[in-house]
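Following the working numbering, the numbering of the sequence shown begins with 953 at its first residue and continues without gaps.
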Amino acid sequence: METILDPFDAPPLNWGFMGPGGIAATVAESLVKATRQRLVAVGSRSLERAEAFARRFGAPRAYGSYAALAADPEVDAVYIATLHHTHFPLAVLALEAGKAVLVEKAFTLNQAEARQLADLAGRRGLFLMEAMWTRFLPHMIELRNWAAAGRLGEIRYLQADFGFAHDYDPTSRMFDPAVGGGALLDRGVYPLYLAADFLGLPSRVAASATLAPSGADAQFSAILDYPRGQALIESSMIVTTPQEAWLAGTEAMVRIPARYWSPTGLELHADGKVETWRRQVVGAGYEFELAEVARRVSDGATGSAVMPVAESVELTGLLDQIRGQIGVVWPGEAG
Ligand SMILES: NC(=O)c1ccc[n+]([C@@H]2O[C@H](COP(=O)([O-])OP(=O)(O)OC[C@H]3O[C@@H](n4cnc5c(N)ncnc54)[C@H](OP(=O)(O)O)[C@@H]3O)[C@@H](O)[C@H]2O)c1
């Protein structure tokens, strides 16, 4: 059984953030409010942007290049919060500088990159993890405990979606294949990783998509097949969807209310009764993944059992398979 630990109790690490954009600010807010982690440096392609971010969150140092951040000897762990197409080169930069690395989702553009990162971290004996923050949230820990205790019985079905409507803009990171844009990598990873957490890797996938004029997937659906069940996955950038998840087992059903991928509760439906579970959190929820990295790095571990890098490699392969079926090709990849 897993225990829900207070992120505030995790030993402090010195963090360097690469890419002072939207998610970096949200994660920094959680870091400051709900952990004892220390943001010691920020790196950006622009010194001004790095300085503004450092001022806002009280980081002592700002750098106008990612290489300078990676070279900072006081940084223990680098959080890569840049766009998808830069995750691989920046993770290589940070690992080659000897840092523990937390890489935003989606981990890399394709499985070949994911494998190279896993190999590099393995050779160097360094910590590496994809920032799939949902897995570390209290309700997900509780649900894994329910599943392990047999409360759901055998899980035979899962359904999850993740859609927010955006106006089409071929220059936005959401719709630009040149930066790894599209529903699959931006948000489809949440329901896919949820299915993998409870059902493992599928034996087969059948995917279908609506492509934007830019070639990015604006919306996709996938049926994941398992020896004894299915998962239905949906993700969209053109409509807002309920963002609930349901798991059905032979003993009970569980509803994870909207937005299941962020701090929320659980409902267990069995024998005509509904049992609810909820835990208040202090930050926006990112404090739990930061605390996991801090605990594992201070234990000397090279990864997390909750979001192992080997699973990121496998699931990036599943994303490749889905892209193959829906016709999404990154520039430079053979079509
Ligand atoms: N975990 C979550 O809840 C969550 C939520 C949203 C996004 N994300 C993930 O976080 C990552 C960043 O998303 P975001 O919304 O924060 O993006 P963003 O604010 O648009 O950009 C993040 C940073 O990426 C760098 N960047 C922007 N455009 C670039 C380009 N064309 N080439 C190279 N670098 C570029 C910039 O850093 P510089 O200052 O150095 O230019 C920017 O500050 C993505 O992997 C995304 O999927 C995660």
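Just so it is clear, CB atoms sit at the ideal spot from N, CA and C, and this is done for glycine as well.
Asked, Found
"Quick check: what's the CA-CA separation for residue 1289 versus residue 1037?", "The structure shown does not extend to residue 1289, since the chain is modelled only from 953 through 1287, so no value can be given for it."
"Any heavy atom of ligand 1 within a distance shorter than 7 Å of the CB on residue 1215?", "no"
"Taking the alpha-carbon positions, what's the residue 1185 to residue 1176 distance?", "8 Å"
"What beta strand (DSSP E) runs, 3 residues minimum, are completely inside the stretch 1121-1200?", "1156-1163, 1169-1178, 1181-1188"
"Which of helix, strand or coil does DSSP assign to residue 1023?", "coil"
"Please tell me whether residue 1012 and residue 992 are closer than 8 Å, where the distance is taken between their beta carbons.", "yes"
"Tell me, please, which residues DSSP counts as bridged to residue 1111.", "1184, 1198"
"Answer yes or no: the CB of residue 998 versus the heavy atoms of ligand 1, is any distance below 7 Å?", "yes"
"Ends of the alpha helix (DSSP H) at residue 979?", "974-986"
"Within 10 Å of its beta-carbon, does residue 1232 have 16 or more other beta-carbons around it, so buried, or fewer, so exposed?", "exposed"
"Between residue 1050 and the rest of its own chain, which residues show a CB-CB distance below 8 Å, the 5 nearest in sequence each way excluded?", "1076, 1078"
"Are the beta-carbon atoms of residue 1129 and residue 1234 separated by less than 8 Å?", "no"
"Taking the alpha carbon of residue 1123 as the point to measure from, which residue in 1115, 1114, 1133, 1117 has its own alpha carbon closest?", "1133"
"Return yes when the C-beta of residue 1038 is under 7 Å from any heavy atom of ligand 1, and no when it is not.", "yes"
"If you draw a straight line from the alpha carbon of residue 1255 to that of residue 1044, how long is it in whole angstroms?", "16 Å"
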